[in-house]
Structure formats: C-alpha cells, structure tokens
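Here is the structure we will look at, set down as structure tokens.
In the working numbering, the protein residues as written are 3 to 317.
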C-alpha cells in the first residue's frame, strides 16, 4: 500500500560458506529454504560473453539517448523521449530503469548458450530442482539500472512474479558495488507468498489478492530487505515467490557513476505438460519475455508443500 514505509536495504553480508561450486551443501540448502536466496560467487568465468552482453546493450541504444562514453548522460536516463516503438522493440526505459528485452533480444546465443544453458548453471539448477532441467530458449534480456541524480527522489518497487518458474537466477555481467542498484529481495517472503497462489507455480489467486496485499505489506513493514552487490560471474539463485525489486543506484553521488547490468534467467523441470496462461502469462500476449510456462501437473498451494519435488527434499 501507499502508506507502507520500507526499511533501507542492507548490502548482503556473505555467509562464511559462500562459494562458487555447482554443488549444494546441507548448510546452503537450509539457508536457501529459510531465506529464499543463495549466492554463488564466481560461478561463471565467461569474460568474453559478459563483454558481449554489455556491448549488446550499447549497440541497441537509439538516437544517442544514452552515450557509453559520457557518464553524464547515464544520470536519470534516458536523455530524451523513449517512444512506444522503442519500448516495443527494446523494452521499457524510464527513470533510469531499462528492461532491455524484445522478441529477439534475449534469444541470442551468448545469452542462451553462454549463460542460461551454461553447463555450470544447469548443474547448479539441477541440484535445486532436480533433473531433467528444461533447456532455456531465451533469457529475459538485460535489466539495467542507471544512476539517479542526487536531487531526485527514488522509491523501491517491491513486487511478486507470476512466471511459472521453479527457480530464478540473476547473473552479474559486470561489477555492481553496494548501493548501485543491486537486485533487492525481502528474505523469507517466499513463505508468505506461497499460500496466496492458486498452485505451487501458478499465478496469484484473484480471490485472495486483498489478503495477499495485506500480508505483503506486513513483510515490507517488518523485514529489512537485502541488496546484492558483486562482480561478473556471480549468480543469485532465488525462489520465484520472493518479494523483490530493483535497487536504487546512488553511484552519481560518488566519484564514479556505474550502471547495473543483470541477466535474469528462469528454470523449471522438463517433461511437464506446459501451456500458455493467457490471463496472467507467460504467454504470447503477456510476459512473453519469460521462458518458463505453467504446467498441467501443478497442484494447489498449501501450507506445507512449498518444497514438494525439490531435489534436496527428494534425494
């Protein structure tokens, strides 16, 4: 609600067990189950791929609305009108947030083969949700957060997703210092969100929407969000029911403005009966940029089935 006052996000303090292995220890599993996220530092070592991603962003900027070589143009970008044609082709871009995506943007090989289907990504994902992991055909694109000017007010935008995903991942393709727009989550909120959805992986139950909003606002009022910083190759794996949102990029208030580039990926088990959810998406008419789908075998969400069929519960 409009009257909810958010706690300031705190930069993640990595637990002692943080690593870049594709395996999951019991300690990591318990941490993920409680908090809804797990960071794998340096999971990917793909410098050339990451450079391609960043180059791809800049190669797609129309009409010099932002200039790579001029950081002053990054502040409160874009510097001019982002037309409806731009948005249709390249995704929404306003108030410093560019979700660069398109019908083909996000399907390129360096995204799909170089990141989403990278063997180390798939192996790690399988240790969360089990095999077989469905092959990715796209990523969402590149989600960029540009610096805000010091005199412009900014507010977090926490929300929930309805993507059909069993596991989500945010892949760092460049260095993101603390307080520079890092992905932000409300730890533990996946437990709250789960029961307000029609099925374990399906959309929000419309009949419970008001109750969900009240429960979500209680989380926002009481829980301190965590914001992720890191370097290229770090990956944040997170439960798709977490309340989350982009961070605020304060780097213009310091000596060196930076841009946050993140590649969002979604994963699910293969072998299900997938379908397009035409009312909520993912479908050709809604959330077409999301690779995962709802599936017929999904079951109603209950108080005790949030971890049903996860690999660490069935091993």
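All C-beta atoms in this analysis are idealised placements derived from N, C-alpha and C, irrespective of residue type, glycine included.
Among the options, the one whose alpha carbon lies nearest that of residue i
| i | options | result |
| --- | --- | --- |
| residue 271 | 43, 116, 169 and 69 | 169 |
| residue 150 | 140, 181 and 166 | 181 |
| residue 63 | 279, 77 and 84 | 84 |
| residue 161 | 291, 222 and 125 | 222 |
| residue 144 | 210, 290, 286 and 266 | 266 |
| residue 155 | 127, 109, 114 and 97 | 97 |
| residue 105 | 186, 88 and 232 | 88 |
| residue 261 | 276, 207, 234 and 135 | 234 |
| residue 152 | 95, 207, 251 and 238 | 251 |
| residue 292 | 201, 140 and 42 | 140 |
| residue 91 | 122, 77 and 107 | 107 |
| residue 5 | 219, 45 and 311 | 219 |
| residue 72 | 94, 195 and 259 | 259 |
| residue 42 | 167, 123, 307 and 249 | 123 |
| residue 138 | 315, 171 and 230 | 171 |
| residue 226 | 239, 188, 199 and 237 | 188 |
| residue 285 | 47, 60, 166 and 86 | 166 |
| residue 207 | 315, 238 and 303 | 303 |
| residue 332 | 159, 229 and 240 | No information on residue 332 is available, as it lies outside the stretch 3 to 317 that the chain covers here. |
| residue 256 | 110, 18, 69 and 77 | 77 |
| residue 95 | 110, 8 and 68 | 68 |
Whole-angstrom distance between residue j and residue i, CA atom to CA atom
| i | j | result |
| --- | --- | --- |
| residue 157 | residue 49 | 33 Å |
| residue 216 | residue 32 | 27 Å |
| residue 274 | residue 254 | 47 Å |
| residue 164 | residue 66 | 34 Å |
| residue 100 | residue 184 | 14 Å |
| residue 204 | residue 245 | 16 Å |
| residue 80 | residue 148 | 9 Å |
| residue 10 | residue 37 | 18 Å |
| residue 130 | residue 224 | 28 Å |
| residue 295 | residue 269 | 10 Å |
| residue 191 | residue 175 | 26 Å |
| residue 21 | residue 116 | 21 Å |
| residue 300 | residue 75 | 47 Å |
| residue 103 | residue 30 | 32 Å |
| residue 290 | residue 283 | 7 Å |
| residue 54 | residue 113 | 9 Å |
| residue 126 | residue 197 | 27 Å |
| residue 178 | residue 263 | 8 Å |
| residue 134 | residue 313 | 11 Å |
| residue 201 | residue 39 | 21 Å |
| residue 243 | residue 120 | 24 Å |
| residue 318 | residue 57 | Outside the displayed range of the chain (3 to 317) lies residue 318, so it cannot be described from this structure. |
| residue 232 | residue 281 | 36 Å |
| residue 52 | residue 209 | 43 Å |
| residue 25 | residue 45 | 11 Å |
| residue 128 | residue 82 | 44 Å |
Backbone secondary structure at residue i - three-state DSSP
| i | result |
| --- | --- |
| residue 12 | strand |
| residue 31 | helix |
| residue 214 | helix |
| residue 314 | helix |
| residue 158 | coil |
| residue 127 | helix |
| residue 244 | coil |
| residue 26 | coil |
| residue 187 | strand |
Check: residue i C-beta below 7 Å from any heavy atom of the ligand FAD
| i | result |
| --- | --- |
| residue 124 | The ligand FAD is not part of this structure, which contains no ligands at all. |
Residues sharing a beta bridge with residue i, DSSP
| i | result |
| --- | --- |
| residue 264 | 145 and 174 |
| residue 251 | 182 |
| residue 192 | DSSP lists no partner for residue 192. |
| residue 199 | 206 |
| residue 231 | According to DSSP, which records beta bridges pairwise, residue 231 is partnered with nothing at all. |
| residue 135 | 271 |
| residue 285 | 288 |
| residue 297 | 276 |
| residue 239 | 40 and 171 |
| residue 17 | Partner(s): none; residue 17 has no beta bridge. |
Could I get the ranges of all uninterrupted alpha helix (DSSP H) runs contained in the stretch 84-125, with 4 residues as the minimum, in chain order?
-> Counting only runs of 4 or more, we get 86-92.
Ignoring anything shorter than 4 residues or poking outside the stretch 34-80, list the alpha helix (DSSP H) runs there in chain order.
-> As far as the stretch 34-80 is concerned, its whole alpha helix (DSSP H) runs of at least 4 residues are 49-61.
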